[in-house]
Structures are given as structure tokens and as C-alpha cells.
Amino acid sequence: MEEAEKESLDGSSIKPVSSLRSHFEQMANAQPANNTATRGVSPKAPTIPNRPDIAPHSSESVQATRGRDAEAADVTLRPPRANGGRPLSPSPTRITSQRPMSTAPPAVTVQPPQSPPKIKSLNLSLANTSAYLSTDAPFSASFNSSSQGHFRIPSRANTPLSDTKNSPSYPPSLPPSPPPPRRSGEVRRNSSFRSGPPPINRADKPKISSKPVGFSSSAESVNLAPISVLPIEKTSPFSTPPSSGGSLENEYPIAPPLPRNRPRPVSYTPSSRPFEPPPRHHSVSSRHRDHEANGLGRSIISPQFTGGDHRRPALPNRPHIPSESSSSRPMPPPPRPSVDRSRPPVTNALSTDNGPNFATPPKRVLSNPTAQLQTPPKSHGRSMTVDRTSERTPAEFRTSMVSVSTKADPRLSIDVPSTPVAREGLSFKAGEYPDTSHSNRRPPFFAKGVYEVSTKYDTRILDVCGEHVCTTGHVTRVWNLLDGGVVMSLAHTEGIKVVSVAFKPAAEVQHEGTRLWLGNNIGDLIEVDVLSGTVVTTKSNAHTRREIIKIYRHINELWTLDDGGSLHLWAPDETGEPNLTNPTQSFRLPKGHTFSLVVDDELWYATGRDIRVFVPTLDGSSQFQVLQRPLHQPDAGEITSGAVISSQPDRIYFGHVDGKVSIYSRDDYACLGMINISVYKITSLVGVGNYLWAGFSTGMIFVYDTTHTPWIVKKDWRAHNDPLIGLYVDRSSFWMLDREHVISLGQDSMVRAWDGMLQDDWMEQQMQSQEADFCKLTPIKTLVMTWNAGASTPYHLQQSAQDSKFFPQLLQDSDRPDILVFGFQELVDLEDKKTTAKSFFKSKKKEKDSDHEHMSHQYRNWRDFLTRCLDDYVQGEIYHLLHTANLVGLFTCVFVRSPLLPRIKNINAAEVKRGMGGLHGNKGALILRFVLDDTSMCFINCHLAAGQTQTKDRNTDISTILESQVLPAERDHSVRIDSFVGGGDGTMILDHEICILNGDLNYRIDTMGRDTVVNAVKANNLAKLLERDQLLASKRKNPWFRLRAFHELPITFAPTYKYDVGTDNYDTSEKKRAPAWCDRLLYRGHDRVEQLDYRRHEVRVSDHRPVTGLFHMVIKTISPQKRAVKWEECQENFKRLKEKLGSEARLDYLINVMGFDPKISQQIVASGSGSGAYGGR
């Protein structure tokens, strides 16, 4: 038969019908001799539906896969029939039976395209797969070498055979080993193949050329026979998940072990394929492409469990670092301690486990995270980890895969509560903001050196070491903080931008700050010498095509992180310094990095609101991820910053985008509390000494004392005109410069250095707290009145018997106060549009027109009336008019007793207009400042924006009034310290020791109608109304509300607004305004002011009731000689404090930053070394 077959085939591509007919007859006659030889070309029974030997199996497949009864069919071979004179195809696939193709579907078990695609099923590699499954020789080569691979595996029973041009073409040069996967349609084998010959070694089989089979030798025909394989009746790679028990691995002979980066038997892990995949349905192909584009086309990672659960997949161990890298340090300076000095020992218990083996996820061989890692590793070139187990990896970088047990790390069992945990010594109240009444606004400048450096280019990255500060971006520059000069400037090529920077750890402490590591936006690491300004070495693609967003320093190591979550650890070499040869260790972190912080050996890593804690190690001696689930506070925004205070090493603070600060315990990782410190974004947090520094998007820096409840704002100042980018604490500053400096970088491209010890504030606080030692204190009484007179005059006041008694009774009951302050609002009718318009639009040339004369007459009448009242109703005292001022309805009149007049100096006045956005004086403030003896005093008469819903406008008005620098500055530095507070120079209201604010503040009662308020007043239920008072609510809810610095005696009287003029009835007009406490008195003076009473008076001539308060004040008189002695004493105390804190800071730098031995470090610090010895120039 074989000779006849050879004779019938002459190698021509086109034959007459008779030749083709004889060819098929010979093939049919050859079938009994070799049942499988002719089918060895292709195992796909459905492709030749008219073969008699495979028809029964085809029907069985149809019944198994479609659930229908097999139909009877004539399956005998027939010669091709003429069809209308059309040319017949020489390919056997064109020869069909009389019955339509759809009635004899292929024997395949394939899920419909609408089902979720099991992508990894296309990557199966069977151990002893039949040799005829090779895709190197398409069947069509036997007849026409130009139509390769013309068979198509349909995914549905009714899918017609597609054209031959749509089939893939496989290059003949692909290697025969490892075995290729099964075709996507071959998920069911026919039982007739069970009795086939034994497997043939495919390595010795020559490649099937594209010549016809008839030209091949008989040996080649034997090699085309199928091997004996186990049938697969119900298992399909499309329906069996990789982790299920029905894995194909148990149904086929196990192949010999293959290299890691080659296809493994029955493995769903993504690996590089040495051949093209078989053809698939177009819908499967499109979904496969979409999943790969979305990062889903990789291996399915089995769930991983913490603890010693046997279901946890075996994870590889990290490579061991030779001890020389951390211990072989030169003797001077002293040797560093072990890098992993506090890590628990870990036993590799899982390395010898003979249990079920799971496929290890690729590109993760160097990390051992727990089940919380959300981002699966990538298998393409941008993956961060280095496959050190592959045979393709050089021998010097190759490590063995050893699993790490997690039983030894007790932190794995920690289940952190999601709500704040109350601790002893912590008392956080909801809605409680820090106390700003003791804040100091003086910027903490250094007495020596420059305090700012203008970079003159856009930079958002900074690092500092001693006197050197590095800013980078498209240009990298190093500046000297002592003189502001440029030490180094390095321009980068176009398109390259440095996005991270860190000073390289040095083996010797005197070499610190001389080398830089730069990470750019394409994944390169560059080492630069600062003094010469040259590039020492470059590590290209250290993070392949990824932005290196962070470079951390951990003792003598450097850690680099890219935006894809790749973390590389660069260990020190034999010189004791890290180099750019290759990373010693690599880890995978979740994407979405928003902030991270290295605290001792831990990496606190924030992604949005979630916080994870990792422990990266060089030798894999500790579990990488600490917690079972991330820390999360749903009531706070994204995390933007974090810090640790040295005096509170057991806590860590995190700043959020919504102005909140969350506090976590470093012992059990529980949330200790949540503090609202701002309504603005916190851009940076740092711990400096005993205080927490916070930078905001407003350009402000606040310093908080977190040991009190509520927190105390120790200091606040405007550091930058634009949003603040970051604050940086230099732990080497005490060692190198004998000072503690904090560096700030703003979007205004300015770098500024601040005194971390706050020396001026400390001196001021010490002097003021001991004023009794060098000052004489004298008490005085001050009476303050505020009244919205509603354009009334003294004449109107005299028309009623009750109203006319108001001022005489007030003066007689006040017991002859030393200072009287009368503050009026609306002495001119502000509702008279004509009058107010003329006052706004009139020119200065017409200043003395009739309207102006009328307004001045109003003020003069009240001034003269008050003077007469003092003369008539205060017996035995003479009062002098100290000051009068007016502003479109506002009027302030101040009287003092005659003995006080010669003791008053530096009288200054100012006004702040707030009407029409600051252009008109119908709303605003009148300010009076003077110094009595050596005490500065300030009185403010206000009229704020009206309206029930204008709370924000009123808050803006009061902030503008209090923050306006409208008063003359005090030039004498000693007078500033003695007579002013808060680091002020007297230009602002809050710079004064005693401040009294009065006026029609117009704050209303929220969410209550008129009748409800009136009924509550009648029931004397004032507490209910005060809960919704807008002023008190703003003090509770708004940390930036400037009146938080003021105090107010509790209100015990009924609302003073709005009445029907001449009656005791609240407003009954059309508007029916709800009553409110619009008229208020507030004070500020620490322990120098005490309010004795706070009451209203029944005067019906206006729609407001007047309010008065009597204050007890303490005035100081300084003794110059005693003050000088006390100043010297405070300076000595500060010097001793600086020496103490400096020793602690140097010791911290040597041990925790440089990694020196603690005992030897203490000896170095005790000997006095480091006080600028190595560059404290």
C-alpha cells in the first residue's frame, strides 16, 4: 500500500479528478494496515467528517458536549462530485459530505465565547504530549505548501469553517522542546487512541517539512503516529480553575523539571512561550487582549494565609547578605551595630514540606507579603523584582528559592481595631480644635546665616544634610545654608527629570553630605559628587521605565521606591557605603503611594486612606508585611504626611488632606485618636524636639504641643506665599552645625531655614513667666460698652424717662473705673441709601459738605453728652478724653482717669473697612492702641456683615480685622519682648497683651425660626439657643476662626436683637427677623484680664439693646536693672538646655542614622566631638 501511495502522488500541486480519486482510495485502503498513521497528521476528527473510522467518536463527542443525540450519517469515503463545472479544491477540507457541516459538529468541549475566558488554559504544557500536536507542520503542506494551517477549530457547533487565510502560520524554526500546549479546541480525546504505540522522543524527530507526505520515508510516517495518552472525559482547562482539585497535573504523566522561565507542566503561571499559541475564537482572543492590557492576563494568585496554615503557598526566601557588608567597617569611626538587631529569628519550616506544591507567582521571588497585597505582580519587563532563580540569570546574582515561615513573627496575629482606642493620658473630644490663644507669630529666624534661598526654578524635591541643601528637578543644585551660595549645579538632558533625591550614607561621619543619589523619571539612579559636581556612576533601568518617587535612608542602606510599587534595598559593600551595582533585595508594594515614612526598621506605607506596615530586610529574617489588613480611618481623607516626635517614640502621627491628624500606636498599631487641626490640606508633618510641626496648603506653618488636651498652638507664621510643599528635619544639623534647623520648601521656589529650637520664643516665654521678679504689677478697672444706637441721638435718649437713666445709672454702678470705652455702631442711618452712597462716592474736595457736617455733628453730640455725664455722675474723679474716632456710623470714645493719663504712651489708631469688599466703611472696625506703663492695650470696635446666612462673611471680616497690620511697628527689640506678645511687633491687634473687642458682630442663631427663638427666650431656655449661636459654633468647628483666641463670659441675658423700636417686643415687621445675640464683648489677655460682669441694658430707643462689661486688668511696670539680670539668667538657662538637647541629638545621629555602636557613640559625644567639628563651620 505504501508503494502504491508513493506512485499515486507525483508531487504536483494540481491533479486531475481521477488522480485525486485514486489517491483517496489508496488512503482508504491503507487504513486497516495502520489505524492511526494517516490520522497522525492531525488529531482533529471534526476536520474530516467523511472518515469511517472516526465517525462514531465524532458522534460521541457531540452527545457529550452538546447534550443532543448523535445523528446517523453515511461516513464512507466518497469521491468528489462535480458541482456545476466549478473547479474542485485539491484540499481534503473542501470535500464534504452531502449532509450539511452543521449536523456533524466538531468533537470539542469549548465554553461559549460569552463565558468568562480562562486565559491561562491556553498556556498548558503537557508532559508526554503526542508528537503530531506540533504546530511546526500544518497538514495542508501535504497537498499545497502555500496554504499552511488551513484547519480551523470552531468554538461553536454551528460555526462554519473559516477561510484558510485566517489560520495562523507558524515559523518552522521554533524549537521542538518544551512540548507545545494543546490546541484550544482539543479538550476531549477519542478513546480509539488508547491502543497507540508508546511515546516517541520528539527531540530526535526531524522537523516535518512542507513537502507532501508521500515524499517522506516510512520512518517519518511512524513518527507521525499518536502516542498513548489518558483520555479527558470531563475536565477542561476552560472550566477547571488552577487551584481546584481537578487539576490536569494528576491526569498526565509528569514531565521532567523545566527551567523557571520555561513553560511548566499544567501550570497557569505566565511565562515566556517558545512558540505561538494555537488559533482561538475571535471573541476569546479579544478578551484575552483586553485582560492583558488591564493587568489581568497573568497568573491567578492563590489566597495566602498568615500564620502556619498549610494552605499558604511556599514563598521564596531572600538572599543572604555576607556579614562583611554590615560588619566589615573600618575601625574609626566605631563599628555599626547589626542592621537587623531587633528582628526575631525565622525558621524555614516550609522549605522541606512534602505537601501539595503550588505554583509560585512569578516576579515575586524576593518578597513574602501576606494576603493584603492587592496589586498582582507584572510579568513583563516593568516588573520590579529580579528573577534570581532563573537559569538565564548570571550565577553571581542567582539565589535559591527557599520559603520563609511566618510563625516566628508575633505581629502576624495582630488584628487592629478600626476605631480609635482610648489610652491613659489621651483625651480627644470630637470637634475639639487646638487652642490658639497662646500662639506666637514671629518667624523663627536664625541670628546667623541666611534664612532663605531662592532656587529660581520650579523644584518640588529637596534633601538636606548639614550645611548643604539639595533641590532638584530638571536641574539639580546644592546650596550652602550659611551663605546662600551655589555649591553645585548639574543640568539634566532634555526630557529627564529627577523626582527623588537623598544624600548617600558615608562610611565616615566627616564624609556625610558629599555624595548624592538621584532617581529620575525613567528609572535611572545617578550618584553625584557634591564638591566636584560630577556624575560618579549611573545605574540605568534600576527601576525599569518607572519613576523613582522615593529614596529612603535606613542607617547605611538606601531604599528606592518607584511608582509601580517596586522597592529595592541597596546594601553597603565592603567599604561600608551602598553602591549602584545591583540591589541586594527587592520587594513588591501596593500601587497608589501617597506617603511613606521609615521609622526605625519599619516602613509605614500609605495608599490613599490605607496604611500598611512593612519590615524590609536584607536577609529575609523577618516577615515583610506586618499586619493582616491595612489601617484605615473612614472619617479622614487621604494621607499626605506623617511624623514621629522624639519625646513620644511610641506614637506616629499622620496628616490628612482634610486637615485631620490621626495618631497610631507603634506597639499594637491601634488608632489612638483623631484630631481636627485645620480645614485646609496638611502638606507636611515633622517632629522637632517635643513639638509637632505642620505645614499647610496656605503656606502657613503651625507648631503644636500635643501633650495637652486640647493641643496648644505654640507658634504659627506664614512661611511661604504659596502652598508649602514640604518640611524637612536634618538630624545631622547638631553634629555638623551645632544647631537644629528645619527646612521648608514652597511652591514659590523658596527654600527657608527655621530655628527648630525656637530660641526667641523660649526666651520670651521665660521672661514673661517671671515678670513678677522684675516688674511691679498694678490692678485697674475698665468699663466697656457696645451699642448699636440705630441713628439715635442724645436728644432721642432724653425723650423717655427710662432711657434717660441709662448712662447715669451705668456710671454710678461702675464704681469709678480707670478706663471707660464707649463703642457705638450705626450712629448714622446705614439704611439711608442716599446718605451712605454720598459718603462712599464723595470726593475729598467736597469733604466738608452738608452731609459730612451732619455726620460729624452726630459724633460731636455723643462726645459732648458723654463728657457731661462723667462730670455730673462720677463724683470725686476727673476723666480726660483720651481718643475719639469714627467710620461711617462707627464711633469710639475713650476716657481715662487723670492719674493714668501721664502713664499712657504710644497712642495709635487705625481703621479697617469691610463694606463692599473693603472699599466702604459702613462695615469694619476702629482700632485704638496705647501702652499703659509697660503693658500694651488694644480696643476694637466692630460692625460686621449682616444677614442670617452670612456667617462666612462675618468670619472673613473678623479675620481680616485681626490680621491686618495697620498699626505702627515697635522698633525697639527689648520693648517688643517686654510689652508685646506672640512675637509681634505691635502692627497687629493680637500683638498686644490686653485686647478688648466689642461691637455689633451680627452673629445669629442657626436653624431656628423667629417664633421658636421667642418661645425659648420666654421659657428662659437660653442654653438651647446658645448651642446654635453662630459665633460659638464657629469657635467649636473652625480651627482657623480668629475669635478662638478670645474669651467671652457666659451669656445669661436674652438676645439683644431685634426689637421693635420703643417696645420690648422682638421684630414684628414683615421680615420678622429671629432674635440673636448680635452685640458682644470679647477679651484676650491670658492671666492679665478678668471679666467681672456681662449684661444688657433696657434702652428702647434702638432696635438693639446695649451691652456692657466690667474688666479687672493687671498693669506692669518694669525695673530695667532687675530685667537685665533676669535676661542674663534666661540666656544661661537656654545655653544649658541647648547643650543637653544637642548631646541627645548627636547621640541619636550617631546611633540611629550612622549606625554606630551606642557605647562608643556616647564616648564620642561626651568628649565634645561633633559640635560642628566635622563641618559645623
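Okay, so the sequence shown: first residue is 1 according to full-length UniProt numbering, each after it adds one.
Quick reminder that beta carbons are idealized off the backbone N, C-alpha and C, glycines included.
With a cutoff of 8 Å on beta-carbon distance, K1024 and A1033 are scored as not near each other. The residue among R1146, G620, V1107, Y1066 with its C-alpha nearest the C-alpha of D601 is G620. Going by DSSP, N440 is part of no alpha helix (DSSP H) at all; its letter is neither H nor E. Taking S697 as the centre and dropping the five residues before and after it, the same chain places the C-beta of Y680, K681, T683, P723 closer than 6 Å to its C-beta, in chain order.
Fully contained in the stretch 985-1070 are the following beta strand (DSSP E) runs of length 3 or more, in chain order: 994-1000.
Residue state for H656 is assigned as strand, using DSSP reduced to three classes.
Residue environment analysis places E574 among the exposed positions, since fewer than 16 neighbouring C-beta atoms fall within 10 angstroms of its C-beta. The beta carbons of G484 and V450 sit closer together than 8 Å.
Three or more Cβ pairs closer than 8 Å define a contact, and the stretch 730-746 falls short of that threshold against the stretch 1073-1087.
Here A885 is actually not in contact with D829; their C-beta atoms are around 20 Å apart, not less than 8 Å.
Beta-bridge pairing by DSSP links D435 to I712. One thing to note: S814 has its Cβ no nearer than 8 Å to the Cβ of L1081.
In the same chain as S437, and ignoring 5 residues on each side of it, the C-beta atoms closer than 6 Å to its own belong to A1045, in chain order.
I996 is positioned such that its CB atom lies no closer than 8 Å to that of I927.
Annotation: W1077 to T1052 spans about 11 Å, alpha carbon to alpha carbon. Contact annotation, L932 with L900: C-beta distance approximately 7 Å; criterion of less than 8 Å satisfied. In this structure, E467 sits near N480, with a CB-CB distance shorter than 8 Å. Secondary structure note for G1142: its alpha helix (DSSP H) is the uninterrupted segment 1120-1148. Its chain contains A502, P505 as the residues whose beta carbon lies nearer than 7 Å to that of R553, once the 5 sequence neighbours on both sides are disregarded; these appear in chain order. Between N941 and L1001, the C-beta gap is not smaller than 8 Å, which leaves the two residues out of contact. Within 10 angstroms of the beta-carbon of L820 lie 16 or more other beta-carbons, which makes it buried. Across the structure, F587 and V661 are spaced so that their CA atoms are roughly 29 Å apart.
DSSP, read as helix, strand or coil, puts K952 in helix. When G659, S804, Q948 are compared, the shortest CA-CA separation from D1006 is found for Q948. In the pairwise beta carbon analysis, the stretch 901-918 is classified as touching the stretch 964-975: at least three pairs are separated by under 8 Å. Note on M916: under 16 other CB atoms within 10 angstroms of its CB, so exposed under the neighbour-count rule. At a Cβ-Cβ threshold of 8 Å, V498 and G523 do not count as neighbours. With a threshold of 16 other beta carbon atoms within 10 Å, E512 meets it and is buried.
In the pairwise beta carbon analysis, the stretch 1112-1130 is classified as touching the stretch 771-781: at least three pairs are separated by under 8 Å.
The beta-carbon distance between R1042 and S959, rounded to whole angstroms, is 5 Å. This is short enough to meet the 8 Å contact definition. A distance of 8 Å or more separates the beta carbons of F654 and G673. Boundaries of the beta strand (DSSP E) around L518: 515-520. P1039 places its beta carbon 8 Å or farther from that of P1055. DSSP, read as helix, strand or coil, puts N861 in helix.
Cβ atoms of S749 and K456 come within 8 Å of each other, at about 7 Å.
DSSP, reduced to helix, strand and coil, places F734 within a helical segment of the structure shown.
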